[in-house]
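Asker:
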Amino acid sequence: MKRILVSIKRVVDYNVRIRVKPDGTGVITDGVKMSINPFDEIALEEALRIKEKGQADEVVAVSIGPADCQQQLRTALAMGADRALHVQTDAVIEPLDAARIFKALADREQAMLAILGKQAIDDDANQTGQMLAALWNRPQATFASKVEITGDKALVIREVDAGLETLEIDLPAVITADLRLNEPRYVKLPDIMKAKKKPLDTLDLAAVGVAPTERLRAVKFDPPAQRSKGVMVKDVQELVEALKRRGLA
Amino acid sequence: MSKILVIAEHDGSKLNPATAKCVACASAIPGADITVLVLAASAGAVAAQAASIAGVKRVVTLESPAFTQALAAVIAPAVVSVAGDYSHVFGPSTTFGKDLMPRIAALLGAPQISDLMAVESATRFKRPIYAGNAIVTVECQADSKVVATVRTASFEAAGAASAAAPIEALQLTAELPTHTRFVSVTAARSDRPDLQTAARVVSGGRALGSADNFKILYSLADKMGAAVGASRAAVDAGYAANEMQVGQTGKIIAPELYMAFGISGAIQHLTGIKDARTIVAVNKDPEAPIFEVADFGLVGDLFQVVPELEKLVGQKA
Ligand SMILES: Cc1cc2nc3c(=O)[nH]c(=O)nc-3n(C[C@H](O)[C@H](O)[C@H](O)COP(=O)(O)OP(=O)(O)OC[C@H]3O[C@@H](n4cnc5c(N)ncnc54)[C@H](O)[C@@H]3O)c2cc1C
Ligand SMILES: Nc1ncnc2c1ncn2[C@@H]1O[C@H](COP(=O)(O)O)[C@@H](O)[C@H]1O
C-alpha cells in the first residue's frame, strides 16, 4: 500500500488580523475564525493529485493538537483524504516534537511520501518538514512548486532565492509545499456528507511515543513597531521633490 | 562565553552578503566567539572573504565535491560533525538557511529560532510570528544548544575586519547521503541589483496586468539603479518571476527606498517591507491599505505615474 501522509494544522485563518493581548501573554484567539493552514491545503491537494494519477493508494491526513482539530481533519476528508489521524493533545507542540510525531506515524504507516506545508502561518517556523526529513533520515525537497513521481523517485522543482531549482530525490521522502504548487479544490456539499463516514482515529501522545518538551519558552508577546503614517502627495512632481530631499531620487 | 558557529552562504566563489548579517547578529550576543563554517567543493576564495568580516574569530572549512550545490540533506551531517563544541549555530533566513538549519537542529536535538530579529541575551531572542503581527520573546535553556535563522532585514552587515581571521581546513568525517541529487537551477540572470540587498526597489502588483507591462517598471528601475520586486498576485499571474516575490512567503527586504505600484498592501506583503527606510505607494484607490504604511502616497494611475517619474528622477532639481 503506497501511502502519503499530509499535515493538517488548525491555525487562525489568514484573513484575521491578529492582535496581541494587552497583558502581553499571547495573541487573541477567542472567537477567531480557524482554518486549515493554507500551505497544508496545497499539500493535501498535491497528495490527492498523485493518488488520482495512480501513483499512490491512500492519503492520510494528520493533525496534532486539541479536540477542535477534528474540524479541519473533517474538511481534509471532505477534500478527498482517505482517512485521518488526530494526535490529540492540549500541550504546546514545538516543531521538533511535531516532527518526532510525524516520524513515528511515517514509520507506522510505512509512508512513501510525507507532504507538509512549507510553514504554518501561526508560528511561521518553517521547520517541521525539514526536521522530519532529518529524523527519518530521508531526502527533503522544500518549497516545492512542481512534483513529478516516477517509480521510486521524484523530481521536484523548488522555489529558491535564485530562481527555480530541480532536485531528484529517492522515495520515501519529505516534500514541503509552496504556494504555487497547485490550487486546492473546493469542497462540495455531498463530499462533506461522505466525509462523515470516513475513518478518523484519535491517538494520544503515548501511542506515538513522544513526550513534548518545552525547549523554547515564550516569555512575552508584543505588537510590532508601527510605522508612522506618512503624507499624501498631490502629483509626481511633489513626490520626486520629497524623494530628492531624502537623497533618494 | 558563547561559541557561535555561523554557516556561510555562497555560490562557490562569492560569499552572500547575508553571512555578514548573521555575523552582526551573532556579535550582539555578549561574549560572542564567532566561527564561520564554509562548506564548498573548493573553499579558498569564500573562506578568505569570510575571514575579513569584523567580529569573525576564525574560519573553518570542509571541502567535498558533494558540496558543489548546497543540498541541505548532504550538508547537514557535515555541519553536525563540527557543531559539537558550539552553543549557537546560526544561518541566514534565506531559502538556503530555511532549508538547511532545521535539518541541523533536528540532528542536534536542538530547538530552532526562526527569523531571529533581536538578541536580548545569549538565551533570549525576539522573532516575528503571525506574519509579523506579533513579536514573541523566546528563551531557551542555558545548557542547550540553539539553532537560529537570522532575519537579515533586521541587521546591518558587519563591516570589514582590520586583520583577517585565521582559516583552518577541517577533515571531513561525516558520511554524506546520496539520496538527494541536484539536477538544475534556472536563474534569471540580470544586471540589476539583487532584490535582497538592493538599496532601492521598484515593485509591481496585479495592477500591472501583464508581463509586458512590467517593462515600464524595469525601465524606471534601471534609471534609478533599483531592483525589481512584485506582489504574490503579480507572480501568480505570471507577470513576474517567483524569485521577485516580496512578502511573508517571498523575500523580506529592508531597502532605503521601496516603491509599490498597484499593490494593495495585504498584510502578507507588508510583512516583507516593514523595515524599508522609505516607502512610496502609488495606487488609484485612495482607500488601499498600502497608504497606511507609506511615507509618501500618491493616488493615481500607475501607467501615467511611472513614465512621468522616470522622466523626473535623476534630474537636477
Ligand atoms: C499564506 C499566504 C501567504 C502570502 N504571501 C504573500 C507574499 O509573500 N507576498 C505578497 O505580495 N502576497 C502574499 N499573499 C497574498 C496577499 O494576501 C495578496 O493577495 C497579494 O499581496 C495581493 O497582491 P496585489 O496587491 O498585487 O493585488 P491586489 O490586492 O489585487 O491589488 C491591486 C491593487 O492595484 C490597484 N490598481 C489597479 N489598477 C491600478 C492602476 N492602473 N494604477 C494604480 N493602482 C492600480 C488597486 O487599487 C489595488 O489596490 C499571501 C497570501 C497567503 C494566503
Ligand atoms: N500540530 C501540527 N499539526 C499538523 N501539522 C503541523 C503541526 N505543526 C506543524 N505542522 C505542519 O508542519 C508544516 C511546517 O510547520 P512549521 O514548522 O510550524 O512552520 C506546516 O505544514 C504545518 O501544518
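Residue numbers (the working numbering), protein chains in the order written: chain X, 3 to 251; chain U, 419 to 735. Cβ coordinates follow ideal geometry from the N, Cα and C atoms, glycine included.
1. For VAL565(U) and ILE422(U), what's the separation of their Cα atoms in angstroms?
2. Need the endpoints of the alpha helix (DSSP H) that VAL242(X) sits in, please.
3. Quick check: is the beta carbon of PRO201(X) nearer than 8 Å to any beta carbon in chain U?
4. Can you tell me the Cα-Cα spacing of THR204(X) and VAL8(X), whole angstroms?
5. Measure the beta-carbon distance from LEU675(U) to VAL711(U) and round it to whole angstroms, keeping in mind my assumption that it falls under 8 Å.
6. What does the Cβ neighbour count give for LEU137(X), buried or exposed, with the cut at 16 atoms within 10 Å?
7. Using a Cβ-Cβ cutoff of 9 Å, what residues of the region 123-145 of chain X are near chain U? List them in chain order.
8. Looking only at DSSP bridge pairs, what is GLU96(X) linked to?
9. In the DSSP output, what is HIS428(U) paired with across the bridge?
10. For a test of the three-state rule: what should DSSP assign to GLY550(U), helix, strand or coil?
11. Please indicate yes or no: does the CB of ILE681(U) lie closer than 7 Å to some heavy atom of ligand 1?
12. Alpha carbon to alpha carbon, how far is ILE553(U) from ALA735(U)? Give it in angstroms, no decimals.
13. Let me know if ALA606(U) comes out buried or exposed under the rule of 16 or more other beta-carbons within 10 Å of its beta-carbon.
14. Could you list the residues in the region 703-717 of chain U with a C-beta less than 9 Å from some C-beta on chain X, going in chain order?
15. Should THR667(U) be listed as close to ligand 1, given that the test is whether its C-beta is under 7 Å from any heavy atom?
16. Once you ignore the five residues that flank GLN129(X) on each side, which residues in its own chain have a CB closer than 6 Å to its CB?
17. Which of helix, strand or coil does DSSP assign to TYR636(U)?
18. For ligand 2, is there a heavy atom less than 7 Å away from the beta-carbon of THR130(X)?
19. How about HIS597(U): is its C-beta nearer than 8 Å to some C-beta of chain X?
20. Contact criterion: CB-CB distance below 8 Å. Does MET234(X) meet it with respect to chain U?
21. Are at least three pairs of beta-carbons, each pair with one atom in the region 666-680 of chain U and one in the region 643-652 of chain U, less than 8 Å apart?
22. Could you tell me which chain U residues have their CB closer than 9 Å to the CB of PHE223(X), listed as they occur along the chain?
23. For the region 78-112 of chain X, enumerate the residues whose C-beta is nearer than 8 Å to any C-beta of chain U, in chain order.
24. Using the beta-carbon of each residue, which ones in chain U are nearer than 7 Å to ALA69(X)?
25. Within the 8 Å Cβ cut-off, does LYS231(X) reach chain U?
26. Cβ of PHE600(U) less than 8 Å from any chain X Cβ?
27. Using a C-beta to C-beta distance shorter than 9 Å, which residues of chain X count as neighbours of LYS516(U)?
28. Within the continuous alpha helix (DSSP H) that includes GLY515(U), where are the two ends?
29. Listing by chain order, which chain U residues have their CB less than 8 Å from the CB of VAL210(X)?
30. Need the endpoints of the beta strand (DSSP E) that GLN530(U) sits in, please.
31. Can you tell which of PHE41(X), ILE6(X), ARG21(X) has the C-alpha that lies nearest to the C-alpha of PRO144(X)?
32. Please identify, using Cβ separations under 8 Å, the residues of the region 501-512 of chain U that lie next to chain X, in order along the chain.
33. Going by CA-CA distance only, name the one from GLU481(U), GLY527(U), VAL464(U) that's closest to ALA501(U).
34. Taking the alpha carbon of ALA469(U) as the reference point, which residue from SER572(U), LEU433(U), PHE600(U), VAL603(U) has its own alpha carbon closest?
35. Could you tell me the distance, in whole angstroms, from the CA atom of ARG93(X) to the CA atom of GLY715(U)?
36. Residues in its own chain within less than 8 Å of GLY656(U) by CB, not counting five upstream and five downstream?
Answerer: To lay it out plainly:
1. Position 147 of the second sequence holds residue 565(U). Position 4 of the second sequence holds residue 422(U). Cα to Cα, VAL565(U) sits roughly 10 Å from ILE422(U).
2. By one-based count along the first sequence, residue 242(X) stands at place 240. First-last of the alpha helix (DSSP H) with VAL242(X): 238-247.
3. Walking along the first sequence from the start, residue 201(X) turns up at place 199. For PRO201(X), the answer is no, since every Cβ of chain U falls outside 8 Å of its Cβ.
4. Taking the first residue of the first sequence as 1, we reach residue 204(X) at position 202. Taking the first residue of the first sequence as 1, we reach residue 8(X) at position 6. Their backbone Cα atoms lie some 16 Å apart in a straight line.
5. Sequence index remark: in the second sequence, residue 675(U) carries index 257 (1-based). Sequence index remark: in the second sequence, residue 711(U) carries index 293 (1-based). That pair is no contact at about 14 Å.
6. Here the question's residue 137(X) lines up with position 135 in the first sequence. Classified as buried, LEU137(X) has 16 or more neighbouring CB atoms from the shown chains inside 10 Å of its CB.
7. Listed in chain order, the positions of the region 123-145 of chain X with a beta carbon within less than 9 Å of a beta carbon of chain U are ILE123, ASP124, ASP125, ASP126, ALA127, ASN128, GLN129, THR130, GLY131, GLN132, MET133, LEU134, ALA135, ALA136, LEU137, ASN139, ARG140, PRO141, GLN142, ALA143, THR144, PHE145.
8. Residue 96(X) sits at position 94 when you count from the first residue of the first sequence. DSSP lists no partner for GLU96(X).
9. Here residue 428(U) is taken as the residue at index 10 of the second sequence, counted from 1. According to DSSP, which records beta bridges pairwise, HIS428(U) is partnered with LEU433(U).
10. Here residue 550(U) is taken as the residue at index 132 of the second sequence, counted from 1. Correct three-state label for GLY550(U): helix.
11. Residue mapping note: residue 681(U) aligns to position 263 of the second sequence, counting from 1. Yes, the Cβ of ILE681(U) comes within 7 Å of a heavy atom of ligand 1.
12. As a working note, residue 735(U) is residue 317 in the second sequence. As a working note, residue 553(U) is residue 135 in the second sequence. For ALA735(U), the predicted structure reports a pLDDT of 41, less than 50, and the residue's modelled location is therefore unreliable. The matter cannot be settled from this model.
13. Reading the second sequence from its first residue, position 188 is the one you call residue 606(U). Using a 10 angstroms sphere on the CB of ALA606(U), the tally of other CB atoms stays under 16, which defines it as exposed.
14. So the close ones are PRO704, PHE709, GLU710, VAL711, ALA712, ASP713, PHE714, GLY715, LEU716, VAL717.
15. Within the second sequence, the letter at position 249 stands for residue 667(U). Yes.
16. Residue 129(X) sits at position 127 when you count from the first residue of the first sequence. Counting only Cβ-Cβ distances below 6 Å, and skipping sequence neighbours, we find PRO97.
17. Taking the first residue of the second sequence as position 1, residue 636(U) is located at position 218. In this structure, TYR636(U) counts as helix in the three-state DSSP scheme.
18. Indexing the first sequence from 1 puts residue 130(X) at position 128. Yes, the beta carbon of THR130(X) sits closer than 7 Å to at least one heavy atom of ligand 2.
19. Residue mapping note: residue 597(U) aligns to position 179 of the second sequence, counting from 1. Cβ-Cβ to chain X under 8 Å: yes for HIS597(U).
20. Here residue 234(X) refers to the residue found at position 232 of the first sequence. Using a Cβ-Cβ cut-off of 8 Å, MET234(X) counts as an interface residue toward chain U, since at least one Cβ of chain U sits closer than that to its own.
21. Short answer: they touch.
22. On the first sequence, residue 223(X) is found 221 positions in, with the first residue counted as 1. The contacting residues are ILE547, ALA552, ILE553, VAL554, THR555.
23. Flagged, chain order: GLU96, PRO97, LEU98, ALA101.
24. Counting from 1 along the first sequence, the entry for residue 69(X) is found at position 67. Chain U residues near ALA69(X): none, gap ~23 Å exceeds 7 Å.
25. Walking along the first sequence from the start, residue 231(X) turns up at place 229. Yes, LYS231(X) lies at the interface with chain U (some Cβ there is under 8 Å from its Cβ).
26. In the second sequence, residue 600(U) corresponds to position 182, counting from 1. True, the Cβ-Cβ gap to chain X drops below 8 Å.
27. Within the second sequence, numbered from 1, the residue matching residue 516(U) stands at position 98. The contacting residues are LYS120, GLN121, ASN128, GLN129, GLN132, THR144, PHE145.
28. Along the second sequence, read from residue 1 onward, the residue named residue 515(U) stands at position 97. Residues 513-526.
29. In the first sequence, residue 210(X) corresponds to position 208, counting from 1. Those do not exist, as VAL210(X) stays about 16 Å from chain U at its closest Cβ, beyond 8 Å.
30. For the purposes of this step, residue 530(U) is identified with residue 112 of the second sequence, where counting begins at 1. Its beta strand (DSSP E) spans residues 530-534.
31. Numbered from 1 along the first sequence, position 142 holds the residue referred to as residue 144(X). Reading the sequence as shown, one finds Thr at residue 144(X) and not Pro. Sorting PHE41(X), ILE6(X), ARG21(X) by C-alpha distance to the C-alpha of THR144(X) places PHE41(X) at the top.
32. Sequence-ordered contacts of the region 501-512 of chain U with chain X read THR512 [C-beta pairs closer than 8 Å].
33. Mapped onto the second sequence, residue 501(U) falls at position 83. In terms of Cα proximity to ALA501(U), the closest of GLU481(U), GLY527(U), VAL464(U) is GLY527(U).
34. For the purposes of this step, residue 469(U) is taken as residue 51 along the second sequence, with counting starting at 1. Here the closest residue by C-alpha is LEU433(U).
35. If you number the first sequence from 1, residue 93(X) lands on position 91. If you number the second sequence from 1, residue 715(U) lands on position 297. Reading off the sequence shown, one finds Ala at residue 93(X), where the question assumed Arg. Their Cα atoms are separated by approximately 46 Å.
36. The residue labelled residue 656(U) in the question sits at position 238 within the second sequence. Excluding sequence neighbours, GLY656(U) sits near ALA629.
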